[in-house]
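Taking it in order: structure first as structure tokens, then the write-up.
Residue numbers (my numbering), protein chains in the order written: chain A, 1186 to 1511; chain B, 41 to 394.
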């Protein structure tokens, strides 16, 4: 769904309604029949819970003692926005981490896509498979494998760094990837790279979809490889980059698994990995402050919505659509 | 001042230029790939080590145990002994403070060799000795059969539900026109990026009231009500199936339901396969939902939650942790190798066309 299509769909909604014929009515009935699983699911698992979630945010509610639920107005909201410093802190940490991991992940995916699209790389399909493979490994296993390879005593990464640069990397005075608050986001970013597969093949397909005539024309005009990359390839695949960016931002807001597997949500080191979702989990499912948890969830939804709208707003300045409406 | 080189350099023949850039680029790709997969190699090597190897000084990087040598019916430790200007692996037979007696395993007939020096200063000799048994102990300690069975049940049942329901909905979107279709389609796509937390607490509470918390139901039931990305992918595919087939069947009096089962479903096998794979792996990976709904019921844990619990208890035994992580990884990776084309095409459709 492109931005243009979105606009078109919204416009169509405003179109005049003409009464349906009997045949059309029959068709509509069948249409709704086939849509019914989604419609029921949407009501039961999305719409009603969202409304209920907002209602819960106005209460003090513990599922263990549902009878003691009391309506407290916007107290939870005031607490989350103004009083509870951890909310803003955990959100800032999430954004800080996303600001490192998202660009690194997207650029790495794009880099691999361009590399594997090059005529001069021999055996591309094999590399594609091998670069994709770690994406199939369940994230829990990925985190445990990386936790081992980044270990400051026995992990190969530090041993190799020490061998090749001479910097003392191993041991308690070495590079403590997961225990040093300055480094932990880079360590998490590294294991994120194992999930590069999807973005890589999506970018690869996009790069392959760029019409070759453009390159041929540019080559005749004497455009260099870099010039072609920045003036043809990248602009033409901005829609795909944009979509990956939106998904990436929303995904980052919900980052949870790695810190939970590694430290059960203690935020080690120095609270650095107590991300927003981890804090939400703690409040809701460790302390069972579900009224407050619902507030945190709604707050996240609002933030995600604002970011998405903002990104869509920036799209017209940098995202290129070949089929733009007149 | 050096004169500027004005001589026009003859460009190398195209073939040679191509050869050079092929070598460079392929070499670079290899280099990146090796670094990229290095942790995997680390995992495999560590999984094959003994528990004590990591803590010992002078231990090699590969899985090895301290070497011994059997001499006249007894086992003796092998040390690296500097003798005659070279370092030899020899078995320590009789240790003494100033001098010790060794036997050369390569030439035991030579008898005892006396070496002067403190044997305690010598390093042990190691021999390559992969502990394949670690995989067996990980398999048993983590109770993989049960975790795998739970995961297969979860992934299998929800895949059937997700594919069937998504195909029905996709058919509805692809072939019928009805009021509000566009807005429904938009709504469906936007659920894909809705943060799951915002619906979690009320649904959790309802499941708690229904007595479903601690069972598989909260994880399985929602799968039967279709899922945005899957619907999108199947719909895109159905739109490429010629509508003549539907129309011909309709003239013959087939109902839309009949058309769905006898024409659309058989024609959409590639899309259905892709969606099945997606959902299967999604469920295989799912951590958050089982954590929320199954905590405290270890009998029902899928692999992800079980592995996390295991890591918490055995984090000191890095060999078993790596072995269990690899066992967890191997099934999805094998399936992927066999189905990668269909799988990657599906990723591309959902990632590029939206």
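Backbone N, C-alpha and C define an ideal beta-carbon position, used for all residues, glycine too.
Any idea which residues DSSP pairs residue i with across the strands?
| i | result |
| --- | --- |
| residue 141 of chain B | B:134 and B:154 |
| residue 115 of chain B | B:110 |
| residue 1256 of chain A | A:1244 |
| residue 105 of chain B | B:167 |
| residue 122 of chain B | B:127 |
So is residue i buried or exposed if we call it buried at 16+ other beta carbons inside 10 Å?
| i | result |
| --- | --- |
| residue 1541 of chain A | As displayed, chain A neither begins before 1186 nor continues past 1511, which places residue 1541 of chain A out of reach and without an answer. |
| residue 55 of chain B | exposed |
| residue 1337 of chain A | buried |
| residue 309 of chain B | exposed |
| residue 1360 of chain A | buried |
| residue 1509 of chain A | In this prediction, residue 1509 of chain A scores a pLDDT of 46, lower than 50, which makes its location untrustworthy; the coordinate-derived value is nonetheless stated afterwards. Under this definition residue 1509 of chain A is an exposed residue. |
| residue 1357 of chain A | exposed |
| residue 1223 of chain A | buried |
| residue 356 of chain B | exposed |
| residue 1486 of chain A | buried |
| residue 1415 of chain A | exposed |
| residue 1425 of chain A | buried |
| residue 74 of chain B | exposed |
| residue 1429 of chain A | buried |
| residue 397 of chain B | In the structure as shown, chain B begins at 41 and stops at 394. Residue 397 of chain B is therefore absent and cannot be evaluated. |
| residue 1366 of chain A | exposed |
| residue 1321 of chain A | buried |
| residue 102 of chain B | exposed |
| residue 171 of chain B | buried |
| residue 1412 of chain A | exposed |
Do you know offhand how far residue i's Cα is from residue j's?
| i | j | result |
| --- | --- | --- |
| residue 77 of chain B | residue 1392 of chain A | 25 Å |
| residue 13 of chain B | residue 319 of chain B | Outside the shown range of chain B, which is 41 to 394, sits residue 13 of chain B, and nothing can be said about it. |
| residue 325 of chain B | residue 346 of chain B | 12 Å |
| residue 1435 of chain A | residue 1206 of chain A | 43 Å |
| residue 68 of chain B | residue 311 of chain B | 35 Å |
| residue 381 of chain B | residue 1317 of chain A | 12 Å |
| residue 271 of chain B | residue 205 of chain B | 9 Å |
| residue 277 of chain B | residue 1451 of chain A | 46 Å |
| residue 1422 of chain A | residue 1395 of chain A | 8 Å |
| residue 219 of chain B | residue 340 of chain B | 44 Å |
| residue 134 of chain B | residue 155 of chain B | 10 Å |
| residue 157 of chain B | residue 121 of chain B | 10 Å |
| residue 256 of chain B | residue 335 of chain B | 12 Å |
| residue 1277 of chain A | residue 295 of chain B | 56 Å |
| residue 338 of chain B | residue 275 of chain B | 39 Å |
| residue 151 of chain B | residue 1374 of chain A | 59 Å |
Would you check if the distance between the CB atom of residue i and the CB atom of residue j is smaller than 7 Å?
| i | j | result |
| --- | --- | --- |
| residue 239 of chain B | residue 268 of chain B | no |
| residue 289 of chain B | residue 303 of chain B | yes |
| residue 243 of chain B | residue 1307 of chain A | no |
| residue 387 of chain B | residue 1342 of chain A | no |
| residue 1446 of chain A | residue 1325 of chain A | yes |
| residue 1282 of chain A | residue 1371 of chain A | no |
| residue 1399 of chain A | residue 1417 of chain A | yes |
| residue 1379 of chain A | residue 1323 of chain A | no |
| residue 1498 of chain A | residue 1377 of chain A | no |
| residue 98 of chain B | residue 163 of chain B | yes |
| residue 344 of chain B | residue 321 of chain B | no |
| residue 1347 of chain A | residue 1355 of chain A | yes |
| residue 136 of chain B | residue 1330 of chain A | no |
| residue 1505 of chain A | residue 1420 of chain A | yes |
| residue 1279 of chain A | residue 1461 of chain A | yes |
| residue 264 of chain B | residue 317 of chain B | no |
| residue 107 of chain B | residue 118 of chain B | yes |
| residue 1500 of chain A | residue 1427 of chain A | yes |
Does the distance between the C-beta of residue i and the nearest non-hydrogen atom of the ligand GDP fall short of 6 Å?
| i | result |
| --- | --- |
| residue 1308 of chain A | This structure simply doesn't include the ligand GDP, nor any ligand for that matter. |
Residues within the region 1210–1224 of chain A neighbouring chain C, beta-carbon criterion of under 7 Å: In summary, chain C is missing from the structure at hand, where the protein chains are A and B.
Inter-stretch contact (C-beta, 8 Å, three-pair minimum) for the region 117–132 of chain B and the region 140–160 of chain B: yes
The region 193–200 of chain B contacting the region 97–116 of chain B, beta-carbon criterion three pairs below 8 Å: no
contact_flag[the region 80–88 of chain B, the region 357–367 of chain B] where n(CB pairs < 8 Å) is 3 or more: yes
Sufficient close CB pairs (3 or more, under 8 Å) joining the region 57–64 of chain B to the region 1295–1302 of chain A: no
Contact between the region 1474–1493 of chain A and the region 1230–1245 of chain A (3+ Cβ pairs under 8 Å): yes
The region 179–189 of chain B touching the region 241–257 of chain B, judged by at least three CB pairs closer than 8 Å: no
Any 3 or more C-beta pairs closer than 8 Å across the region 200–217 of chain B and the region 1440–1460 of chain A: no
contact_flag[the region 1282–1298 of chain A, the region 1370–1384 of chain A] where n(CB pairs < 8 Å) is 3 or more: yes
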